[in-house]
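Please read the structure below before turning to the comments.
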Amino acid sequence: MAGALAATAAGGLAMGTAAACWRWHNRPVRVPDGTVHPPLALAGRDGIPVYGLYTRLRSVLTDPVELVRRNAEQYGAMFTLRVPKLYDMTYLLYDDAYAMVMNLPADHATLGAVLSKVPTMGYWFPRTGRDTESLQRLVLIARRTIAEMLSQERIARLPDLIADVVEQRVAAWPRTVDLTEAVHPLVYEVVGRYFAGDQLWSAVGPRLTGLYRKIVDGSDVLRAALAMTPMHYAMPEYHATRGLHRLLSAELGRFDSASSPLLTAIDRVRVDGQPLSVADARWMFMAVIWYATSYPGTYNYWTLVDVLARPALVERVHGADTPAARRELLARCLLETVRLNPVSLLIRFLRKPLEFEREGVRYHLPAGSSVVVAPGVINRDSTRVHDRPDDYDPDRHLQEPAPRTASFGRGPFSCVAQQFNKVLTAGLLAELLTRFDVELLDDARGRLCRVHQIYPSAPLRAVLTPLCVPTKTG
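Heads up: the sequence shown runs through residues 1 to 474, numbered per full-length UniProt numbering.
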């Protein structure tokens, strides 16, 4: 009898707790008089009392892009998703919102609080400060450091570096390769030698390549959530981050800063008149190479896949009148690949309230919440991108005026390396496509869309037949 009563009491307590959590999950957002807050979105099963807590969390972890699409269909271009144990996320999916949010000052709409949730960049890799403000300060310094290393003179030498790396590395390739494994190391070596320098990269580059590949491949919402649990001890990216820290701690001090452009740039950094601490200098090296490998690795791979999937485009590449014309075409292919496959969502954490008007209504987003915009919505908007915006057409970037896309961001956290990436991708793909006839053996369409990046859903094998071309394509 006592056991039955205890079980009944425990069940009642559990139900009461669940009901209280559900009420908290649906609590209204308080806003000043004369303003409103976008609706709390509960599309589909997310609206089922109590059970909706589970479905919402599952969607956030396993398919956040579909979660946004489902709620946009019901609520339109403005709604708020409340995520258990996280801040409210208000999605602004209409055209003007992108410029409004991205142009907010860094002390208003911050990135530090967002990156603090990202493994390696936000935690695991030691730095002096533990707060989000110091993290954002380092991120802005890293962005400025990268920009200072992208002079036109240095970028002009990039094609020769690409040709040298490709010539050395593809000599060891078998006739059949998995492009999902073959392309990224080429990109990593080119950018590694560009930023870190030949001496440093020759010494530790192969080890850095293996570590960064594990770290970058772990960048998605589900893995980031698991990384905050004890399960992180079993995750490859955790061990890769710890290994990266050990490697940089042991090796960076062995090199004269003058032999490495990146070490030289880090030595010049001053914060309040003082050089970076040893921990922050290591973090800065890690972050610059993280930025230099993560996005270029992904977009070089997908641009190559997009070209290979279109035989007529491959013929145009082979038939280009000059190496410069070939690279110009491939640079436009990069722009088109990024346009159709941008970073799915850009998130900013609000340190201050954000108020704006739309269709005669004044909206208020409180401090402590976040605001989210979707570049993909803009990049497929027919008012910005004319002539079949869902089609892959690199020639659309020859139009005047050019398509108004949201591919490389804007504002204080925008990409500073657009020209560098165009030269990198055009040069690397030109080398590969003029050295080899590439026959795909697998379906190239499988893509896993995550918030941070797009991943191949399966290996992509290709047969490489050497072509008779000069060793350097220019």
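Note that CB positions come from ideal geometry on N, CA and C, so glycine has one too. This structure is a prediction, so every number in the text was calculated from the model and none was measured.
Taking the alpha-carbon of residue i as reference, which of the options has the nearest alpha-carbon?
i, options, result
"residue 366", "349, 357, 376 and 239", "349"
"residue 386", "313, 275 and 404", "404"
"residue 418", "143, 356 and 26", "143"
"residue 402", "151, 19, 416 and 335", "335"
"residue 150", "199, 225, 219 and 194", "194"
"residue 20", "197, 46, 369 and 50", "50"
"residue 90", "372, 421 and 431", "372"
"residue 164", "431, 395 and 357", "431"
"residue 26", "32, 56 and 73", "56"
"residue 307", "186, 437 and 254", "437"
"residue 176", "439, 100 and 468", "439"
"residue 444", "263, 310 and 153", "310"
"residue 153", "420, 465 and 435", "420"
"residue 539", "384, 391, 319 and 22", "Any property of residue 539 remains undetermined from this structure, which presents the chain solely from 1 to 474."
"residue 355", "269, 22, 34 and 59", "34"
"residue 458", "76, 179 and 325", "179"
"residue 190", "171, 157, 219 and 220", "157"
"residue 390", "339, 446 and 54", "339"
"residue 242", "258, 313 and 207", "207"
"residue 392", "312, 422, 416 and 100", "312"
"residue 123", "229, 100, 275 and 74", "229"
Taking the alpha-carbon positions, what's the residue i to residue j distance?
i, j, result
"residue 162", "residue 424", "8 Å"
"residue 118", "residue 216", "11 Å"
"residue 442", "residue 460", "5 Å"
"residue 183", "residue 300", "8 Å"
"residue 471", "residue 346", "Its pLDDT being 49, under 50, residue 471 is placed unreliably in this model, and the coordinates cannot settle the point."
"residue 456", "residue 298", "10 Å"
"residue 388", "residue 235", "42 Å"
"residue 337", "residue 412", "24 Å"
"residue 121", "residue 294", "12 Å"
"residue 129", "residue 397", "43 Å"
"residue 288", "residue 213", "15 Å"
"residue 48", "residue 67", "15 Å"
"residue 330", "residue 268", "35 Å"
"residue 104", "residue 110", "9 Å"
"residue 353", "residue 360", "19 Å"
"residue 199", "residue 23", "60 Å"
"residue 72", "residue 220", "21 Å"
"residue 76", "residue 416", "32 Å"
"residue 253", "residue 171", "33 Å"
"residue 468", "residue 422", "26 Å"
"residue 319", "residue 296", "26 Å"
My understanding is that residue i touches residue j, with C-beta atoms under 8 Å, so please give their C-beta distance in whole angstroms.
i, j, result
"residue 341", "residue 283", "Going by Cβ atoms, the distance from residue 341 to residue 283 rounds to 29 Å, so no, they are not a contact pair."
"residue 475", "residue 115", "Residue coverage of the chain in this structure runs from 1 to 474, which leaves residue 475 outside it and unanswerable."
"residue 448", "residue 304", "Not confirmed; about 18 Å, so no contact."
"residue 260", "residue 197", "4 Å"
"residue 291", "residue 155", "Not quite, the Cβ-Cβ distance comes to about 16 Å (not below 8 Å), so this is no contact."
"residue 70", "residue 44", "6 Å"
"residue 211", "residue 240", "5 Å"
"residue 351", "residue 108", "6 Å"
"residue 255", "residue 263", "6 Å"
If you check the beta carbons only, do residue i and residue j fall under 8 Å apart?
i, j, result
"residue 98", "residue 454", "no"
"residue 375", "residue 414", "no"
"residue 95", "residue 381", "yes"
"residue 140", "residue 106", "yes"
"residue 78", "residue 410", "no"
"residue 65", "residue 344", "yes"
"residue 538", "residue 52", "Residue 538 is absent from the structure shown; the chain starts at 1 and stops at 474."
"residue 188", "residue 370", "no"
"residue 279", "residue 127", "yes"
Within its chain, find whatever has a CB closer than 6 Å to the CB of residue i; leave out the 5 residues flanking it on each side and keep chain order.
i, result
"residue 192", "201 and 205"
"residue 266", "281 and 284"
"residue 31", "37 and 364"
"residue 433", "317"
"residue 132", "112, 113 and 116"
"residue 426", "327, 330 and 331"
Any beta carbon from chain B within less than 8 Å of residue i's own beta carbon?
i, result
"residue 271", "No chain B appears in this structure, which consists of one protein chain only."
Got a sec? Which residues, its chain only, sit under 7 Å from residue i by beta carbon, not counting five neighbours each side?
i, result
"residue 286", "125, 244 and 248"
"residue 474", "At residue 474, the pLDDT of 49 sits below 50, so the modelled position is not reliable and the matter cannot be decided from this model."
"residue 232", "226 and 238"
"residue 333", "303, 306, 307 and 394"
"residue 186", "165, 166, 169 and 428"
"residue 466", "435 and 436"
Below 8 Å CB to CB, which residues in the same chain sit around residue i once its five sequence neighbours on both sides are set aside?
i, result
"residue 148", "265"
"residue 463", "175, 176, 438, 439 and 441"
"residue 362", "34, 35, 36, 355 and 356"
"residue 446", "456, 457 and 458"
"residue 173", "182 and 464"
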